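Undergrad:
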Amino acid sequence: MKSKVVLSEIADINPRISKETLGNNQKLVAFVSMASVTTNGTVYSGEERKLIEVSKGYTFFQKGDVLLAKITPCFENGKAAVVSGLSHDIGFGSTEFHVLRPKKDVDVRYLFHQVWNPAFRFHGVKNMTGTAGQKRLPTDFLKRFTVYLPPLPEQKRIAAILDKADGIRKKREEALQLADSFLRATFLEMFGDPVTNPKGWEKGLLGENCEIITGFPFKSNLYQDSGVRLCRGANVMPERIDWSDSACWKNADNKIQSKYNLKSGDIVLAMDRPWISSGLKVALIQEEDCPSFLVQRVSRLRGIKGMNNEYLYNLILHPAFTHYCNPRKTETTIPHISTNDIKLFEIPLPSQELLNKFKKIVNRIENTKKIFNSSKVVSTNLFNSLTQRAFRGEL
Numbered sequence: 002m003k004s005k006v007v008l009s010e011i012a013d014i015n016p017r018i019s020k021e022t023l024g025n026n027q028k029l030v031a032f033v034s035m036a037s038v039t040t041n042g043t044v045y046s047g048e049e050r051k052l053i054e055v056s057k058g059y060t061f062f063q064k065g066d067v068l069l070a071k072i073t074p075c076f077e078n079g080k081a082a083v084v085s086g087l088s089h090d091i092g093f094g095s096t097e098f099h100v101l102r103p104k105k106d107v108d109v110r111y112l113f114h115q116v117w118n119p120a121f122r123f124h125g126v127k128n129m130t131g132t133a134g135q136k137r138l139p140t141d142f143l144k145r146f147t148v149y150l151p152p153l154p155e156q157k158r159i160a161a162i163l164d165k166a167d168g169i170r171k172k173r174e175e176a177l178q179l180a181d182s183f184l185r186a187t188f189l190e191m192f193g194d195p196v197t198n199p200k201g202w203e204k205g206l207l208g209e210n211c212e213i214i215t216g217f218p219f220k221s222n223l224y225q226d227s228g229v230r231l232c233r234g235a236n237v238m239p240e241r242i243d244w245s246d247s248a249c250w251k252n253a254d255n256k257i258q259s260k261y262n263l264k265s266g267d268i269v270l271a272m273d274r275p276w277i278s279s280g281l282k283v284a285l286i287q288e289e290d291c292p293s294f295l296v297q298r299v300s301r302l303r304g305i306k307g308m309n310n311e312y313l314y315n316l317i318l319h320p321a322f323t324h325y326c327n328p329r330k331t332e333t334t335i336p337h338i339s340t341n342d343i344k345l346f347e348i349p350l351p352s353q354e355l356l357n358k359f360k361k362i363v364n365r366i367e368n369t370k371k372i373f374n375s376s377k378v379v380s381t382n383l384f385n386s387l388t389q390r391a392f393r394g395e396l
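Those letters in the sequence shown? Residues 2 to 396, per my numbering, in order.
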């Protein structure tokens with residue numbers, strides 16, 4: 002028989018650390034930051050810290066617990082994981098984690114999937130509290146959230162099905178990552194390392210080989226919910242555009258439409274706080290991102306003099322660009338890239354024939370990635386469907 006219960010009946014929510022554990026304050030424990038937990042349901046091996054350094058002001062957990070991000074946008078993005086594979090049995094982490102510890106006869110993978118699915122996040126988002134940018138999932142919401150709890154063997158069966166479906170979805174993502182890795186390897190094979198320039202290409206400045214502009218200062222108090230989307234720094238992620246937090250503009254004048262309208266193939270680069278844990282906030286505008294307008298503090302790069310954007314984009318993705326810009330960041334200022342930084346970056350200038358050949362290779366790889374993306378969408382939809390059925394008691 003399946004029974005309907007609240008989460009607090011099947012899991013301890015944010016359990017406290019015992020006095021016995023606190024006894025030896027010099028022993029080493031695992032430490033997991035928010036950046037160490039992925040949206041794919043995994044946790045990277047954390048750091049080691051002494052217990053005395055982290056026993057106060059951090060969140061306690063142990064192997065076999067479920068970590069769930071509670072702050073926006075980490076919660077909405079699905080940051081959660083079962084704690085496993087760490088170097089120590091106990092650990093501490095960001096205060097922005099909720100910890101769920103399964104009670105007797107509760108399978109940890111089943112518990113994990115209960116809080117790592119779109120339906121749960123949908124209800125969670127509606128119940129978050131706090132101001133914009135600092136909203137959090139309340140502990141009380143977790144405690145009273147209703148779930149189905151079948152017998153333990155049934156929990157394990159359901160969790161195994163969901164793990165398998167998630168594994169298929171991850172393989173599709175890995176195929177996309179392999180395609181990107183192949184493209185980077187092809188870039189280096191054709192052009193060589195842009196720093197050492199082993200092929201002896203003539204060099205020039207980036208600003209002499211592409212048009213660089215920054216966006217228009219649209220007034221945020223006049224943003225709309227519909228109209229043409231605005232490409233802001235918040236939308237530019239490493240190698241992709243994220244429209245989950247979108248703002249729009251209506252009735253743009255001719256100047257804005259002609260100068261700031263983005264086109265497929267344009268390169269956009271966030272200029273404030275451009276480096277995040279997953280990389281440099283630079284992306285290539287795709288057809289599905291259009292129409293959209295460029296907003297201030299985001300730059301747009303477009304090749305000139307026969308220079309193609311595919312080559313420029315891969316140059317900017319190379320670590321050499323980050324190494325060049327990073328020294329301009331100081332400890333007392335917000336990390337920032339200026340237009341001048343971009344313009345003065347020295348780049349190799351390969352032959353037009355080789356640039357054209359690289360563009361054709363990029364187009365072929367991008368077409369392959371579209372097929373992979375379609376497969377990923379299908380596998381993601383399958384996983385979401387199975388999850389919904391499982392937690393309605395229908396699987």
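All residues carry an ideal CB built from backbone N, CA and C; glycine is no exception. Every value quoted in this text rests on a predicted model; they were computed, and no experiment measured them.
Which same chain residues end up closer than 7 Å to residue 228 when comparing Cβ atoms and leaving out the 5 residues on each side of it in sequence?
TA: For the purposes of this step, residue 228 is taken as the residue at position 227 of the sequence shown. So the list reads 249, 250, 251, once near-sequence residues are dropped.
Undergrad: Nearest-angstrom Cα distance between residue 166 and residue 233?
TA: Numbered from its first residue, the sequence shown carries residue 166 at position 165. Numbered from its first residue, the sequence shown carries residue 233 at position 232. Roughly 35 Å separates the two Cα atoms.
Undergrad: Counting along the chain, where does the beta strand (DSSP E) carrying residue 214 start and finish?
TA: In the sequence shown, residue 214 corresponds to position 213, counting from 1. Counting along the chain, the beta strand (DSSP E) containing residue 214 begins and ends at 211 to 215.
Undergrad: From the beta carbon of residue 26, is the nearest beta carbon of chain B less than 8 Å away?
TA: No chain B is present in this structure, which holds just one protein chain.
Undergrad: Are the CB atoms of residue 318 and residue 204 nearer to each other than 8 Å?
TA: Along the sequence shown, read from residue 1 onward, the residue named residue 318 stands at position 317. Along the sequence shown, read from residue 1 onward, the residue named residue 204 stands at position 203. Going by C-beta atoms, residue 318 is not nearer than 8 Å to residue 204.
Undergrad: What three-state label does DSSP hand residue 107 in the structure shown?
TA: Taking the first residue of the sequence shown as position 1, residue 107 is located at position 106. Coil.
Undergrad: Just to confirm, are residue 193 and residue 200 a CB contact at a threshold of 8 Å?
TA: Residue 193 sits at position 192 when you count from the first residue of the sequence shown. Residue 200 sits at position 199 when you count from the first residue of the sequence shown. Yes, the Cβ-Cβ distance between residue 193 and residue 200 is below 8 Å.
Undergrad: Can residue 138 and residue 129 be called in contact, C-beta distance under 8 Å?
TA: The count along the sequence shown starts at 1 and reaches residue 138 at position 137. The count along the sequence shown starts at 1 and reaches residue 129 at position 128. Yes, these two residues count as a Cβ contact at 8 Å.
Undergrad: Is the beta carbon of residue 403 less than 8 Å from the beta carbon of residue 116?
TA: The structure shown has nothing for residue 403, since the chain only spans 2 to 396.
Undergrad: Helix or strand or just coil, what does DSSP make of residue 115?
TA: Here residue 115 refers to the residue found at position 114 of the sequence shown. Note: residue 115 maps to helix in three-state DSSP.
Undergrad: Is residue 10 helix, strand or coil by DSSP?
TA: Working through the sequence shown from its first residue, we reach residue 10 at position 9. Reduced to three states, the DSSP call for residue 10 is helix.
Undergrad: Can you round the beta-carbon distance between residue 160 and residue 230 to whole angstroms, since I take them to be within the 8 Å contact cut?
TA: Position 159 of the sequence shown, counting from 1, holds the residue named residue 160. Position 229 of the sequence shown, counting from 1, holds the residue named residue 230. 39 Å between Cβ atoms; not a contact.
Undergrad: If you drop the 5 nearest sequence neighbours on each side, which residues of the same chain put their C-beta closer than 6 Å to that of residue 298?
TA: Indexing the sequence shown from 1 puts residue 298 at position 297. 234, 272, 273, listed in sequence order.
Undergrad: I'd like to check one pair, residue 107 with residue 14: are the Cβ atoms closer than 8 Å?
TA: Here the question's residue 14 lines up with position 13 in the sequence shown. Here the question's residue 107 lines up with position 106 in the sequence shown. The answer is no: Cβ separation not under 8 Å.
Undergrad: Please classify residue 218: is it buried, with 16 or more other beta-carbons within 10 angstroms of its beta-carbon, or exposed?
TA: As a working mapping, residue 218 is identified with position 217 in the sequence shown. With fewer than 16 Cβ atoms within 10 Å of its Cβ, residue 218 is classed as exposed.
Undergrad: For residue 349, which three-state DSSP category applies?
TA: Locating residue 349 in the sequence shown gives position 348, counting from the first residue. Strand at residue 349.
Undergrad: Could you compute how far the alpha carbon of residue 240 sits from the alpha carbon of residue 95?
TA: Translated into positions along the sequence shown, residue 240 becomes position 239. Translated into positions along the sequence shown, residue 95 becomes position 94. Taking the straight line from one Cα to the other gives about 27 Å.
Undergrad: My output table needs one value for residue 332: the three-state DSSP class, helix, strand or coil.
TA: Sequence index remark: in the sequence shown, residue 332 carries index 331 (1-based). Bear in mind that a pLDDT of 47 at residue 332, under 50, signals an unreliable position, so the number given afterwards is only what the model happens to contain. Of the three classes helix, strand and coil, the one that applies to residue 332 here is coil, per DSSP.
Undergrad: Check each candidate in 352, 177, 300 and name the one with the smallest Cα separation from residue 306.
TA: The sequence position of residue 306 within the sequence shown is 305, counting from 1. The candidate whose alpha carbon is nearest that of residue 306 is 352.
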